[in-house]
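Heads up: the sequence shown at position 139 corresponds to 139 in the UniProt record's numbering, and the numbers run straight through without jumps. Idealized CB from N, CA, C, for every residue including glycine. Since the structure comes first, as structure tokens, the remarks are kept for the end.
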Amino acid sequence: MKLLSFFVGIFYIMPSYAIAQVKVPVLCYHNISLEDEGPDNLMHIKGKSFDKQMKCLYDSGYHTILPDQLYNYYKNGTSLPSKPVVITFDDSHDTHFTVAAPILKKYGFKGIFFVMTVPIGKKGYMTAAQIKMLADMGHVIGCHTWDHPHLKGTSGLDVEKEIRHPKQALEKITGQPVQYFAYPFGEWNETVIGQLKVSGFKAAFRLTGKNSEENGIFTIERIMVDGSWVCPGLPSEMKRAFK
Ligand SMILES: [Zn+2]
1 MKLLSFFVGI FYIMPSYAIA QVKVPVLCYH NISLEDEGPD NLMHIKGKSF
51 DKQMKCLYDS GYHTILPDQL YNYYKNGTSL PSKPVVITFD DSHDTHFTVA
101 APILKKYGFK GIFFVMTVPI GKKGYMTAAQ IKMLADMGHV IGCHTWDHPH
151 LKGTSGLDVE KEIRHPKQAL EKITGQPVQY FAYPFGEWNE TVIGQLKVSG
201 FKAAFRLTGK NSEENGIFTI ERIMVDGSWV CPGLPSEMKR AFK
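This is the structure in structure tokens:
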């Protein structure tokens with residue numbers, strides 16, 4: 001019993017999400033194209049290659065988890081399914097709905113779609129109806145600002161325009177709370193974290209770089225997936241990138 005409370009204590013004392021427990025890999029995708037179009041690299045993946053990567057994760061026994069599960073795991077030590085993975089999509093491209101979502105469905109996977117609100121309904125980007133449908137399918141819609149600013153030098157950051165209003169707009173579209181945020185370009189600082197907290201966000205996702213010492217849950221690391229990664233090496237490539 002003493003031992004148990006010692007470990008429970010660690011979960012609550014540790015300020016950084018990554019120290020107390022094993023980190024869950026969080027994958028980040030950007031451009032996804034139709035079946036066989038375009039290159040396979042860090043910023044782009046063919047629909048066909050994305051399907052192969054999802055099949056590889058499925059066949060390797062991975063289970064996708066949603067951000068509430070990740071949050072509760074890091075904050076409270078709640079259990080997760082075996083081989084958990086989080087799959088995220090940035091920048092609200094229309095192919096996230098038309099190409100990625102049907103592939104996720106095929107393998108019983110769920111993802112987080114980080115939407116910037118300025119291009120909603122514009123050519124190449126998701127419509128409000130598509131965003132709503134993703135939420136209705138059980139995926140999570142996250143906030144990726146209004147127009148993707150650099151948040152590093154934030155003295156002139158318009159919090160209302162880039163954080164609060166996009167959150168409210170996405171909540172109106174989905175009818176669900178929007179509690180997770182992805183930093184454009186992965187750039188974050190403590191000022192922005194403070195604004196996210198007072199705006200009602202529970203956690204935020206970055207790309208590579210360092211963690212916040214005090215607010216680790218607001219700097220959850222993600223891996224930019226290389227579209228050229230294939231089975232059987234994909235899981236080990238993933239782990240290597242996420243050390
Ligand atoms: Zn982005």
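query                                                                                                                                                   : result
Please name the residue in I131, L207, C28, M116 whose C-alpha comes closest to that of T98.                                                            : I131
Check the C-beta distance from H148 over to F113 and give it rounded, since I have them as a contact under 8 Å.                                         : With a Cβ gap of about 15 Å, H148 and F113 do not count as contacting.
Between which two residues does the beta strand (DSSP E) carrying Y74 extend?                                                                           : Careful: Y74 lies outside any beta strand (DSSP E), inside the alpha helix (DSSP H) at 67-76.
Taking three-plus beta-carbon pairs below 8 Å as touching, is the segment 111-128 in contact with the segment 84-100?                                   : yes
Is the beta carbon of G28 less than 8 Å from the beta carbon of C231?                                                                                   : A quick correction: the sequence has Cys, not Gly, at residue 28. For C28 and C231, no; Cβs fall outside 8 Å.
Whole angstroms are fine: how far does the CA of M133 sit from the CA of Q179?                                                                          : 18 Å
Is L157 helix, strand or coil when you go by DSSP?                                                                                                      : coil
In three-state terms, what does DSSP make of M238?                                                                                                      : helix
So, is M126 buried or exposed, given that buried needs 16 or more other C-beta atoms within 10 angstroms?                                               : buried
Thinking just about the alpha-carbon of each residue, which of S236, V159, T64, Y58 is nearest to the one in G194?                                      : V159
In the segment 30-63, which residue ranges form an unbroken alpha helix (DSSP H) of at least 4 residues, counting only runs that do not cross its ends? : 47-59
Could you work out which residue in I163, G209, N189, S228 is closest to S199 when comparing CA atoms only?                                             : I163
Using a threshold of 7 Å, is the CB atom of residue 245 nearer than that to any non-hydrogen atom of ligand 1?                                          : The shown model of the chain, from 1 to 243, leaves out residue 245, and the question about it has no answer.
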